[in-house]
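Notes follow once the structure below has been shown.
Protein chains: 4
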Amino acid sequence: MLILMQSEHTKKQLEAVLAKVRALKLKPHVIPGKQSVAVGITGNSGALDPHLFDSMEGVREAVRVSKPYKLAGRDFQHADTVVPVGKFRLGGPGLVVIAGPCAVESEEQMLRIARAVKKAGAHMLRGGAFKPRTSPYAFQGLGKKGLQLLAAARKETGLPVVTEVLDQRSLADVAEYADVLQVGARNMQNFALLKELGQIKKPVMLKRGLSATLDEWLMSAEYLLSEGNKDVFLCERGIRAFSDHARNTLDLNVVPAVKELSHLPIIVDPSHAVGVRARVAPMARAAVAAGAHGLMIEVHDRPDQALCDGPQALHPDDFASLMRDLAAIAGALGRDMASPALKGRG
Amino acid sequence: MLILMQSEHTKKQLEAVLAKVRALKLKPHVIPGKQSVAVGITGNSGALDPHLFDSMEGVREAVRVSKPYKLAGRDFQHADTVVPVGKFRLGGPGLVVIAGPCAVESEEQMLRIARAVKKAGAHMLRGGAFKPRTSPYAFQGLGKKGLQLLAAARKETGLPVVTEVLDQRSLADVAEYADVLQVGARNMQNFALLKELGQIKKPVMLKRGLSATLDEWLMSAEYLLSEGNKDVFLCERGIRAFSDHARNTLDLNVVPAVKELSHLPIIVDPSHAVGVRARVAPMARAAVAAGAHGLMIEVHDRPDQALCDGPQALHPDDFASLMRDLAAIAGALGRDMASPALKGRG
Amino acid sequence: MLILMQSEHTKKQLEAVLAKVRALKLKPHVIPGKQSVAVGITGNSGALDPHLFDSMEGVREAVRVSKPYKLAGRDFQHADTVVPVGKFRLGGPGLVVIAGPCAVESEEQMLRIARAVKKAGAHMLRGGAFKPRTSPYAFQGLGKKGLQLLAAARKETGLPVVTEVLDQRSLADVAEYADVLQVGARNMQNFALLKELGQIKKPVMLKRGLSATLDEWLMSAEYLLSEGNKDVFLCERGIRAFSDHARNTLDLNVVPAVKELSHLPIIVDPSHAVGVRARVAPMARAAVAAGAHGLMIEVHDRPDQALCDGPQALHPDDFASLMRDLAAIAGALGRDMASPALKGRG
Amino acid sequence: MLILMQSEHTKKQLEAVLAKVRALKLKPHVIPGKQSVAVGITGNSGALDPHLFDSMEGVREAVRVSKPYKLAGRDFQHADTVVPVGKFRLGGPGLVVIAGPCAVESEEQMLRIARAVKKAGAHMLRGGAFKPRTSPYAFQGLGKKGLQLLAAARKETGLPVVTEVLDQRSLADVAEYADVLQVGARNMQNFALLKELGQIKKPVMLKRGLSATLDEWLMSAEYLLSEGNKDVFLCERGIRAFSDHARNTLDLNVVPAVKELSHLPIIVDPSHAVGVRARVAPMARAAVAAGAHGLMIEVHDRPDQALCDGPQALHPDDFASLMRDLAAIAGALGRDMASPALKGRG
């Protein structure tokens with residue numbers, strides 16, 4: 041149950057609602073919204089009767105919520121969320137492309153690739169400084185040094201920087217340097233990390249876990265939103281199914297599903313899902329045609345020497361060619377590539 | 041191991057090869073091809089040395105085959121297979137769209153919808169006469185009467201007809217009326233049915249099973265090909281994964297994977313995968329952008345009265361609008377909608 | 041909705057019920073039962089009010105059925121089904137073990153293994169005469185000759201024979217020789233085959249499909265039951281999940297789930313699920329502890345020469361040792377190995 | 041490649057090995073073991089020739105390692121790891137049962153249940169103080185207060201305490217109070233947390249992630265082991281597959297697979313996998329029959345009032361009855377329930 045208060049409700053009216061919820065042995069959760077306040081109720085095993093609340097003073101409507109998320113859903117906020125990152129806005133009609141290497145390896149590597157993706161039209165720069173690796177013996181990233189190299193690449197190219205935050209200990213450092221903090225698939229249900237990210241003032245990109253349902257994914261977004269961070273967007277990167285023809289199964293059908301149920305923007309990372317260079321471009325094109333708000337693409341100019349995921353990285357030339365395809369598809373569907381916004385969030 | 045004979049080899053040379061295979065306690069399989077003959081070898085647990093054969097007279101090349109399929113793979117036939125259906129060719133640059141209702145329900149229904157999809161530009165007509173239903177109590181299709189109604193709709197519109205064959209008993213009837221025989225997902229490994237379909241002279245569309253790997257799918261195609269039917273194309277229709285936001289998980293990444301490994305055309309059926317009308321169009325657009333040779337789309341003008349899968353059927357107007365989108369995406373990628381071929385198979 | 045008629049109802053009362061169903065634009069399905077008759081209603085999208093029927097004359101009860109299956113469920117038949125096979129009964133407290141080679145290869149092989157499994161205490165003999173193979177080039181079984189060799193082994197050992205029926209064309213032959221007809225995982229939704237098997241007078245063992253939900257499995261059983269064959273039992277043999285440490289994922293938790301929802305017996309085939317000899321025995325032991333009514337185990341005395349699935353076959357000595365373990369576990373849980381029934385079905 | 045040094049090797053010999061590895065542009069990882077030291081080599085894409093190293097002084101053997109884990113595998117340590125917890129040893133022939141409520145709710149609740157499971161023969165006590173919840177609005181656990189209540193229950197009953205550690209911030213508190221620190225399924229690849237847990241001096245129980253392969257699971261164990269913590273055991277708790285008849289699919293076949301490939305003990309948590317009380321006991325019995333070293337079972341005396349996962353908790357009486365079954369099955373297979381060890385680790 042979600043109780044939507046009238047925009048002009050009084051504090052006393054709100055408290056009466058909260059008291060009534062508690063009298064039912066349930067838990068009220070005050071959820072501050074843009075226009076007004078909502079009260080989420082949890083603790084009820086079955087359905088509640090909306091009439092218990094909708095005749096109370098100050099209450100606009102009491103809504104049965106079959107979905108477990110509230111803030112992430114269209115019931116609570118109908119209009120699309122648009123996340124401002126630097127000069128760009130993610131979540132509107134303009135297609136946003138994030139590109140760069142899997143991992144930051146050196147100053148030279150980072151600058152070379154940053155210049156290349158900027159030239160090809162990318163809107164943001166990616167690069168991992170802290171890398172989650174299945175093996176403790178694999179390259180774990182340059183850490184804080186990597187963050188500094190990302191900042192240097194941003195300074196030279198003007199591209200905002202997207203990078204992964206792995207844990208609570210390094211969160212402050214990552215938040216200092218990054219423009220967007222990425223939560224990786226393996227951390228999608230690291231709730232302690234999500235709670236802390238909900239309290240920072242930078243956009244968060246939440247990747248879908250390998251075996252996460254759509255509800256679970258939106259519930260993880262709810263952790264971020266309920267702590268106060270509204271600049272959240274989602275990233276589909278493939279799920280784990282039985283197929284062995286690709287590293288993961290890219291679930292593009294989740295794109296229209298997310299857009300239907302949630303106001304949060306959704307982008308697609310085909311590189312990690314398909315795992316091989318030759319299939320990245322077809323899936324990137326498909327993601328745009330499916331309606332994604334953006335893409336994240338791995339690019340490396342010397343993939344054979346890459347310390348991480350070289351086989352899936354596009355060469356800069358192939359990336360530039362892909363960017364032309366994406367613009368053509370976007371154009372065919374009445375959209376275009378994102379261009380700098382004249383002012384802040386609309 | 042696959043031994044490719046020279047095109048001008050003699051019968052005696054071929055027999056010498058077969059004798060050598062048998063002497064190794066292995067089994068030779070003579071595979072007649074377009075230009076020449078190949079000999080597949082099975083029964084070997086490990087790898088065979090190609091030099092055992094490639095110096096024999098009449099042998100062009102002996103190829104190590106890591107993949108279990110032979111005829112379905114690019115090693116055996118490099119050029120794309122193009123399947124002629126009526127005036128159209130499936131598998132070339134032109135995008136082919138098959139459309140129609142889930143099930144044939146009545147003469148009126150079939151004619152109304154056939155006219156509507158023809159008007160919107162569809163190339164072929166679909167409609168189930170024999171329906172595989174999870175429940176024995178559900179509508180099982182009109183059977184032979186349904187085939188006759190499809191033929192009537194073909195006569196009026198000129199559209200070739202695609203319909204499912206469920207079993208051996210009705211195969212002759214379906215083959216008499218249909219232009220393309222569809223093998224459904226549940227029958228992908230009904231090997232007895234596949235063997236019989238391999239012996240008829242009409243194109244077969246092989247849908248992917250709900251839990252079929254790419255190798256298993258191509259092995260089922262191999263059953264058709266090895267019996268002599270070369271007019272085979274594939275249809276991705278979603279796999280079974282854990283996700284609950286859709287009926288099935290449409291695996292578009294299999295499109296470039298099939299095109300890489302096999303010469304067989306591949307189309308996509310988004311309707312069965314997504315299960316709800318609103319998400320059919322985004323996935324149809326995505327399939328074209330991913331490189332599919334065609335699409336199969338369910339269309340119904342009175343979906344609320346449909347005897348089968350109404351919720352996923354597009355209204356004719358929405359289908360016409362989708363066709364315009366598909367043409368725009370195809371155009372953006374240098375392709376176009378299929379148009380009638382001037383002559384037979386090229 | 042399921043309408044249960046009183047055991048002493050009249051034909052006229054039944055027809056009044058059917059007429060009322062049709063007047064609601066729904067479809068009645070008369071389901072003859074052991075004590076009485078039931079009427080299944082299909083075609084309703086929402087729930088029906090039981091009061092529409094339960095006050096009619098001759099009606100014992102009208103039951104809301106949330107599950108799609110009727111005959112396979114406990115609502116229709118509360119008592120466990122017990123399937124008589126030769127001197128044994130499958131589905132009661134006694135544990136039934138079916139053993140033998142994957143495929144019938146020769147008279148000698150079949151007799152040697154049949155004697156060995158009989159000596160170790162097996163209750164029935166398995167062996168494939170018609171083999172479903174992923175590859176058209178793999179050994180497809182001895183066909184009718186294989187059936188005759190199974191009959192010879194039965195004659196010598198007295199063990200009833202379980203063998204797979206692959207298609208409609210060979211059904212009559214298989215039904216002539218076999219004591220139990222097995223439907224393999226790939227044919228679980230070959231509805232045409234199921235309908236014909238529902239009309240024969242021999243027990244059918246229905247394996248679970250690789251991606252079948254429990255509901256789908258019971259619906260396939262419903263196809264058999266609704267055609268009149270009541271001697272049906274189920275066999276879990278592993279599902280397809282993402283795990284790569286085994287060929288399939290044996291889902292033992294389905295055993296108590298089936299026993300809760302259905303009256304049909306359920307056995308477990310660990311051999312195909314685990315795919316390697318060393319893990320067959322642990323899973324066989326686990327299946328008994330989980331409450332399975334029986335097991336099907338592959339045994340071969342010369343597994344290195346087996347034409348099919350040698351790596352998963354137990355040596356006869358290991359099988360004998362496993363049988364002792366199974367008896368011990370059964371004993372620890374108050375059950376025992378099946379022994380010959382004094383008379384027919386109880 | 042894994043280079044095993046002789047137990048009496050010199051520091052100089054080790055350094056010569058390391059230098060040679062580096063000269064090959066590869067990375068050596070010194071892995072201190074019980075008897076000696078091993079050197080893991082990473083960075084090689086293909087296989088290395090063991091002869092490069094096995095003739096060097098101080099080298100006992102150079103082993104090709106096809107598996108990505110080293111310390112967790114049987115190649116490095118053949119003998120089973122036995123983890124001492126209080127008076128008990130987990131990993132030997134004695135079956136260890138951990139029982140208790142999902143969450144610590146109050147002092148009374150904890151003491152009542154602790155006494156009940158102790159009386160029924162449980163060896164350790166479980167209870168969550170920090171709870172990972174899909175929803176931010178669900179009960180998140182009592183936190184540090186919960187840890188203190190667990191300690192009180194331990195004091196009264198003598199049972200060692202197993203409880204989950206959710207994040208880096210609370211690790212020190214959990215490590216202070218718990219006897220075994222549990223890593224939950226969602227944190228199996230929270231590598232930052234694993235690294236810190238590898239440095240503490242208490243046993244760690246590592247649950248399998250919902251979509252983790254066996255290799256990934258053992259690689260996560262490798263994170264713990266490579267940091268120096270050898271007291272690690274595994275817990276299977278169900279994977280995510282397509283089945284909807286249970287919350288998760290309990291993969292019991294992973295038990296013999298783990299025992300074959302790794303020396304680490306493995307226990308099974310049927311409660312979370314099956315999600316409903318009635319199926320916990322069958323799966324617990326099956327886990328013992330499959331060879332698990334232990335079990336973790338949720339028990340609650342007032343499940344209707346439980347703040348978390350009440351539907352899957354066994355009543356104390358049912359738990360006592362299950363314990364008798366488990367002892368009977370263990371006995372039938374030549375094992376017994378764990379009893380206090382006379383001295384420390386054997």
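Chains as they are written, first to last, in my numbering: chain H, 41 to 386; chain D, 41 to 386; chain C, 41 to 386; chain Z, 41 to 386.
Glycine included, every Cβ here is placed at the ideal spot set by N, Cα and C.
request  = Can you pull the chain D residues whose beta carbon is under 9 Å from the beta carbon of H/Pro322, in chain order?
outcome  = Leu292, Asn293, Val295, Pro296, Lys299, Ala329, Ala330, Gly331
Go ahead and label Z/Leu265 buried or exposed: buried means 16 or more other beta carbons lie within 10 angstroms of its beta carbon, across all protein chains shown. buried
Inset, instruction - For the alpha helix (DSSP H) containing D/Leu42, list its first residue and its last residue. - result: Run containing D/Leu42: none in the alpha helix (DSSP H); it sits in the beta strand (DSSP E), 42-45.
(message) I'd like the list of long-range same chain contacts for Z/Ala215, defined as Cβ closer than 8 Å, with 5 residues on each side in sequence excluded.
(response) Val205, Leu221, Ile240, Lys242
message = With a threshold of 7 Å between beta carbons, is H/Arg280 in contact with chain C?
response = yes
For the beta strand (DSSP E) that D/Met336 lies in, which residues bound it at each end? 334-338
### Three CB pairs or more closer than 8 Å across the region 339-348 of chain Z and the region 344-356 of chain C
no
Can you tell which of C/Pro380, C/Ser251, C/Ser210 has the C-alpha that lies nearest to the C-alpha of C/Gln229?
C/Ser251
Margin query: Give me the chain D residues within the contact set of H/His285, using Cβ-Cβ distance strictly less than 9 Å, ordered along the chain.
Written below: Thr253, Leu254, Asp255, Asp291, Asn293, Val294, Ala297, Val298, Leu301
Unbroken alpha helix (DSSP H) run spanning D/Gln180, endpoints:
Segment: none, D/Gln180 is in no alpha helix (DSSP H) and carries neither H nor E.
Since C/Ala193 and C/Leu182 should fall inside the 8 Å C-beta cutoff, what is the C-beta to C-beta distance between them, to a whole number of angstroms?
Not quite, the Cβ-Cβ distance comes to about 13 Å (not below 8 Å), so this is no contact.
For H/Val157, tell me which candidate among H/Gly80, H/Lys171, H/Thr197, H/Met259 has the shortest Cα-Cα distance. H/Thr197
Practice prompt. Compare the C-beta of D/Glu101 with all C-beta atoms of chain C and state if any pair is closer than 7 Å.
Written response: no
Notebook entry, point to check: Looking at C-beta atoms only, is the number of pairs between the region 322-341 of chain H and the region 324-335 of chain D that lie closer than 8 Å three or more?
Noted result: yes
Under the three-state DSSP convention, the category Z/Thr197 falls into: helix
### Contact with chain D by Z/His49, beta-carbon distance below 7 Å
no
Handout entry: Presumed contact (8 Å Cβ cut-off) between C/Ala280 and H/Phe282, rounded CB distance
Key = The amino acid occupying residue 280 of chain C in the given sequence is Arg; Ala does not appear at that position. Yes, they are in contact, since the Cβ atoms of C/Arg280 and H/Phe282 sit about 5 Å apart, within 8 Å.
Inset, instruction - Note down, one range per segment and in chain order, each beta strand (DSSP E) of at least 3 residues found wholly within the region 120-163 of chain C. - result: 123-125, 128-130, 134-140
DSSP state of Z/Glu283 mapped onto helix, strand, coil: Correcting the residue identity first, residue 283 of chain Z is Ser in this sequence and not Glu. Three-state DSSP puts Z/Ser283 in coil, outside helix and strand.
Against chain Z, which members of the region 345-373 of chain C pass a CB distance test of less than 8 Å?
Asp365, Ala368, Ile369, Gly371, Ala372, Leu373
Between C/Val57 and C/Phe93, what straight-line distance do the alpha-carbon atoms span, to the nearest angstrom? 7 Å
Review point. Can you tell me where the alpha helix (DSSP H) with H/Phe231 in it begins and where it stops?
Key: 231-237
- Taking the C-alpha atoms as reference points, what is the distance between Z/Ala162 and Z/Pro200? 10 Å
Practice prompt. Quick one: grab the DSSP three-state call for C/Leu274.
Written response: strand
*Count the other C-beta atoms from every protein chain shown that fall within 10 angstroms of the C-beta of D/Asp207, then say buried if there are 16 or more, exposed otherwise.*
buried
Does C/Ala326 come within less than 7 Å of chain Z when only Cβ atoms are used? yes
Check: What residue from C/Leu130, C/Leu190, C/Ala212, C/Gly126 has the CA that sits closest to C/Asp376's CA?
Finding: C/Leu130
Going by beta-carbon coordinates alone, are Z/Ala313 and Z/Gly278 separated by less than 7 Å? yes
Neighbourhood of D/Ser302 by C-beta distance below 7 Å, restricted to the same chain and skipping five residues each side: Ala112, Gly113, Arg114, Leu258
Have a look at H/Ala102 and Z/Pro176 and give me their C-alpha separation to the nearest angstrom. 21 Å
Mind checking which residues open and close the alpha helix (DSSP H) that includes D/Leu254? 254-266
Measure the alpha-carbon distance for C/Asp358 versus C/His340 and round it to whole angstroms.
-> 10 Å
### Task
Compare the C-beta of Z/Arg319 against all C-beta atoms of chain C and say whether one is closer than 7 Å.
yes
query: Using a Cβ-Cβ distance under 7 Å, would Z/Val308 count as near chain C?
result: no
| task | Measuring only between beta-carbons, confirm whether C/Ser260 sits less than 7 Å from chain H. | result | no
- Cβ distance (whole Å) where H/Val295 is taken to contact H/Val272 below 8 Å: Their Cβ separation, rounded to whole angstroms, is 16 Å, which puts H/Val295 and H/Val272 out of contact at 8 Å.
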